[in-house]
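Have a look at the structure below before the remarks.
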Amino acid sequence: ETGVTQTPRHLVMGMTNKKSLKCEQHLGHNAMYWYKQSAKKPLELMFVYSLEERVENNSVPSRFSPECPNSSHLFLHLHTLQPEDSALYLCASSQDWAGNQPQHFGDGTRLSIL
Amino acid sequence: AQKITQTQPGMFVQEKEAVTLDCTYDTSDPSYGLFWYKQPSSGEMIFLIYQGSYDQQNATEGRYSLNFQKARKSANLVISASQLGDSAMYFCAMRGRTNFGNEKLTFGTGTRLTIIP
């Protein structure tokens, strides 16, 4: 059983829909991350939360809105997305947001925008 | 700025042979770390091995070892005695800093490894 759980695994939505991606980590970590993985491109860091505070917003459009209600949960709220937003969205956590600790990833949510 | 380069988009290797996946990096930070992750077709990213820039010895984890050549700025992953389950995408990543001075991982474009029975 993975220590980082993402739901849903797959999501198909129209450009006018509102949906949310959920991430939960059971590892007692203090930092959580959202990444976007598009075909043939490196993973792109979107957001970093450390101790429930956002410490990094990597120039992500406002149609993506993160929320971290506690250190175990991270959400990505989606609104009015574009076809180019279709990608695999990966959540990760690490003990702290700096240092040598590896990041532990979830299985991802594969998002398709119609 | 940090940069990770993986020049092998795909590799085919016979089962039980050793395989080397290339990774070169560029950074101006004297302190950095290098990670390798495996991503099977199911999507999850699995941490394999870590090498710190000041580590004197090459990192090893079971069948995985990291051939760290600091002067050449390379951190190749070596998988010994490859198995069918090793078929996956492999990503090299480096701990670096964002434009805001925060730490982040920079990933390469990955190498798709296919093990042939």
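Chains as they are written, first to last, in my numbering: chain A, 362 to 475; chain B, 850 to 966. Beta carbons: idealized from backbone N, C-alpha and C, even for Gly. None of these values were measured; they are calculated from a predicted model.
DSSP, reduced to helix, strand and coil, places residue 933 of chain B within a helical segment of the structure shown. Between residue 417 of chain A and chain B, the shortest Cβ-Cβ separation is below 8 Å. At a cut-off of 8 Å between beta-carbon atoms, residue 894 of chain B makes contact with chain A. For residue 939 of chain B against residue 887 of chain B, the beta-carbon gap comes to about 6 Å, under 8 Å, which counts as contact. By the CB criterion at 8 Å, residue 436 of chain A and residue 381 of chain A fall inside the cutoff.
Residues of the same chain with a CB within less than 7 Å of the CB of residue 935 of chain B, apart from the 5 flanking positions on each side, are 928, 962, 964 in chain order. Closer than 8 Å at the C-beta level to chain A, one finds these residues of the stretch 880-912 of chain B: 882, 884, 886, 891, 892, 893, 894, 895, 896, 899, 901. Of the other Cβ atoms in all chains shown, fewer than 16 fall within 10 Å of the Cβ of residue 861 of chain B; this residue is therefore exposed. Residue 473 of chain A has A:373 as its beta-bridge partners, per DSSP. Residue state for residue 893 of chain B is assigned as coil, using DSSP reduced to three classes. Shown here, residue 864 of chain B sits in coil according to DSSP, grouped into three states, outside any helix or strand. Considering only B:920, B:952, B:966, the residue with the shortest C-alpha distance to residue 874 of chain B is B:920. Rounded to whole angstroms, residue 438 of chain A and residue 462 of chain A show a C-alpha spacing of 27 Å.
Within chain B, no C-beta atom comes less than 8 Å from the C-beta of residue 389 of chain A; the nearest is roughly 17 Å away. At a cut-off of 8 Å between C-beta atoms, residue 446 of chain A does not count as an interface residue with respect to chain B. DSSP links residue 365 of chain A through a beta bridge to A:386.
In the three-state reduction of the DSSP assignment, residue 444 of chain A falls in the helix class, which pools H, G and I. What residue 866 of chain B touches in chain A, judged by beta-carbon distance under 8 Å, is nothing: the nearest beta carbon there is about 27 Å away. Taking residue 908 of chain B as the centre and dropping the five residues before and after it, the same chain places the C-beta of 898, 899, 900, 914, 915, 917 closer than 8 Å to its C-beta, in chain order.
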